[in-house]
Each structure stands twice: as structure tokens, then as C-alpha cells.
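Under our numbering, the residues of the sequence shown are numbered 1382 to 1548, in order. Ideal Cβ placement from N, Cα and C applies to all residues, glycine included.
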Amino acid sequence: MSTITEIYASLRDDTDVVMKRWRHAVATEPGLMGARDLDVDSLPELVGTALDVLEERPDQESSRRNLLKWALEHGRHRICEGVPDDMLFKEYHVLRYALWNTIRERHGTNRVTSSVITQLDAVPSVASRASLRGYYLEHFDSGGVDMAENLLEEGPWPLNTEAEQRV
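Printed below as a string of C-alpha cells:
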């Protein structure tokens, strides 16, 4: 059985597989076909940043901040493209699907993979919230506070180490 760390490492190596699954899903799933024409060039960066958030690192807060800034900008970019706001949720749903299936294909279905999927699922949840805030940024009064900093404090952030998992 693979460890959490091994699964994260394999996801970094399998970003191309995640991309293929993402593209296949938007090409074949009803309701997602509108996402087919969206730019997904930053998807590998997002997967890497998501894994940075989950892995125990000295710069973890910086990784979280980077994810939130990326997601806020993603929302701003989508509204500028004229993409409907519900497409943000569809994009993150497809990302979850692609990640889940890549993990299961490579590592099977067991307690560890279920734990990784649960941890990883928190990242698109936080990111979709940040993207929606970015999409509607003009409607938010930040009171001069950096939106990413607000979201950084709000979380929710997943447990991120195998040691925390055992407690």
C-alpha cells in the first residue's frame, strides 16, 4: 500500500494523466462541454500548488497564499472572458474527478487513497471559493485588506501530514 507522500509524488509525475482525464471529461460529460474551450494551461501549476499546500513544508503558508492568489486571478480571468460563474464550479468538479481517478488507477482504493482524496478535495473547495470571490471582486468591499489574506485565515485547510492523520 502506498503512503500519502508516495501518492503525492506520483500525482506530481502524473500531471499529464490528470490533464488527459480533465479534457476527456469536458469532452464527454453533459453539462461540462462548455468547459472544453477554456484555457487549462495552468492546470499543471494548480495541481503542483495543491500538492504544495498539502505536503508538510516550511513554506506551507506561502503555498496556501499562492493557491489563493492563483484562484482569485482565475476568477477574474473567467469573468473577463465572459464565462458564466457556474463554470468555475464545473471546472473544479472536473479537476476533482481527474485527481480521484488518477489516484485510484495508480494506487487502488484503500484507506490511504481515501484519506488522500479527502485531503486533496479540500483544496478545490478553498480554491473554488477564492475563484468565485475573484469573479465578483468588484462587489466585495475588502476594507483595504488583501482578499487572499482574508481567505488564508478563513480556510478551511486540510490536515497535511501523516502524523496529523494518526492523531
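query: Candidates Val1504, His1488 and Lys1450, of which the one nearest Arg1514 by Cα; result: Lys1450
query: Integer Cβ distance of Ser1506 from Ala1452, believed to fall under 8 Å; result: Between Ala1452 and Ser1506 the Cβ distance is about 11 Å, and since that is not below 8 Å, they are no contact.
query: Ser1509, DSSP secondary structure in three states; result: helix
query: Segment contact flag, the region 1391-1408 with the region 1423-1442, C-beta cutoff 8 Å, min 3 pairs; result: yes
query: Beta-carbon proximity list for Gly1525, same chain, < 7 Å, skipping 5 on both sides; result: Because Gly1525 sits at a pLDDT of 49, beneath the cut-off of 50, its placement in the model cannot be relied upon, and the point is left open.
query: Beta-carbon proximity check, Val1493 vs Ala1431, cutoff 8 Å; result: no
query: Distance between Ala1508 and Leu1480 (C-alpha atoms, nearest Å); result: 15 Å
query: Test item: CB-CB of Leu1533 and Arg1438 under 8 Å; result: no
query: Anticipated Cβ contact below 8 Å, Arg1393 with Gly1429, distance rounded; result: 6 Å
query: 8 Å Cβ cutoff met for Asp1395 and Thr1490; result: no
query: From Val1407, Arg1485, Glu1535 and Asp1502, residue whose alpha carbon lies closest to that of Ser1391; result: Arg1485
query: Residue range of the alpha helix (DSSP H) that includes Arg1487; result: Asp1467 to His1488
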